[in-house]
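Note that full-length UniProt numbering has the sequence shown beginning at 426, numbered continuously upward. Note that the Cβ used here is the ideal one computed from N, Cα and C, for glycine as well. The structure appears right after this line, and notes come after that.
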Amino acid sequence: RQAQYRLLRNKPAVTRDGVRVNLNMNAGLLVDLPHLAEAGAEGIGLFRTELQFMVASTMPRMKDQTALYASVLDATRELPVTFRTLDIGGDKVLPYMRNHPEENPALGWRAIRLGLDRPGLLRMQFRALLRAAAGRELRVMLPMVTEVWEIDKARELLDRELQQLTHHGREPPSRILLGSMVEVPSLLFQLDRLMAAVDFVSVGSNDLLQYLTASDRGNTQVASRFDALSRHFLRALKLIVNAADAAGKPVTLCGEIAGRPLAALALVALGFRSLSMSPAAIGPVKAMLLQLDVGRLKSRFDPLIEASDGEDCIREMLVAFAEAE
Ligand code: PEP
Ligand code: MG
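What follows is the structure in structure tokens.
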């Protein structure tokens, strides 16, 4: 199997009926970078910047951050990299930062909330990213966005840092794209405004599913409710893809489900044309896509998604479809 996947490494993922799907990888540390070529990823769809902070014993300084981001951009060359700003708080605590005990950390002071309330930290990270990407494209993504104004506010901070940078005679990035994760359900009800505020979106399906189903992503007692193939969740994903397509904004999905072949089938049927996953999943997902006829899948999938009643049997359909192909 591994050898077979390696043969596919440089082959684009195109389905039998000609649908091209972009396969990117998730990363967070320098040790992840060799996987880019090994797996044949087309870019880094999610670079989790908090990992550098989580493995450190003291707060990484701006020059350490800049060095890491520059190394990532050097290693990936012309392939796109999407840096996600710090997603700390919640289950990701930093030993060297003052910790506010929270009763519900997943719903607490974390990610962009902390970033906007403590703008010094976010501004330092923007500065490091801008410096690292001098003369190159910079793609930045915000985690746990709940309301569109958070994006506007972050963009103001980013613009301010950009002005400072050019004021000091440093070379700016050749292009800057600012995107948002879609992982808090409130965004589903402000999709038009969201799309207008961003350059791209990426669905964080781990958290979106957790918040939509009120089921802790790490709690095995509720694992059966944390079901990415449930009709209500797939419908939520469809709303996002449709809104992004209508607005002409690139959309991708970077949660764990992107790397599961059965779920990836559903995602392609929903209209996703870009996915980001752990590097080890790229081979299996690509092998599945090369065998797939999206049109045939949609003829069975769409009626089940659109049905207003009847049993939720999407998982069963996908299993039967995958076995028959
Ligand atoms: C997600 O929530 O799906 C996601 C990609 O972010 P993380 O897993 O880092 O929370
Ligand atoms: Mg998340």
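Leu659 is positioned such that its CB atom lies closer than 8 Å to that of Leu695.
Placement of the Cβ of Ser703 at a distance of 7 Å or more from every heavy atom of ligand 1 is found.
With fewer than 16 other CB atoms across the displayed protein chains lying within 10 angstroms of its CB, Val456 is exposed. With respect to Leu448, Glu463 sits apart: the two C-beta atoms are not nearer than 8 Å.
In the DSSP assignment, Ile601 falls within the unbroken beta strand (DSSP E) covering Arg600 to Val607.
Residue nearest to Arg561 within the set Ala672, Leu493, Thr571 and Ser599 is Ser599 (criterion: CA-CA distance). Checking the DSSP bridge columns, you'll see Ile469 partnered with Met450 and Val506. Pro675 and Pro610 have their C-alpha atoms spaced approximately 19 Å apart. The region 428-437 and the region 679-699 do not touch, with fewer than 3 CB-CB distances between them shorter than 8 Å. Less than 8 Å separates the beta-carbon of Tyr494 from that of Ala557.
In this structure, ligand 2 has a non-hydrogen atom nearer than 7 Å to the beta-carbon of Glu608. When DSSP states are grouped into helix, strand and coil, Phe478 belongs to the helix group. The beta-bridge partner set that DSSP reports for Gly514 consists of Lys517.
Assignment of Val628 by DSSP, reduced to helix, strand and coil, places it in the strand class. Using a Cβ distance threshold of 8 Å, Gly673 and Gly629 do not count as a contacting pair. Closest option to Leu541, judged by alpha-carbon separation, among Glu527, Val518 and Leu583: Leu583.
For Glu528, no beta strand (DSSP E) encloses it, and the DSSP letter there is neither H nor E. The residues Gln615, Arg618, Leu619 and Ala622, in chain order, have a CB closer than 7 Å to that of Val573 in the same chain once the five nearest residues on each side in sequence are set aside.
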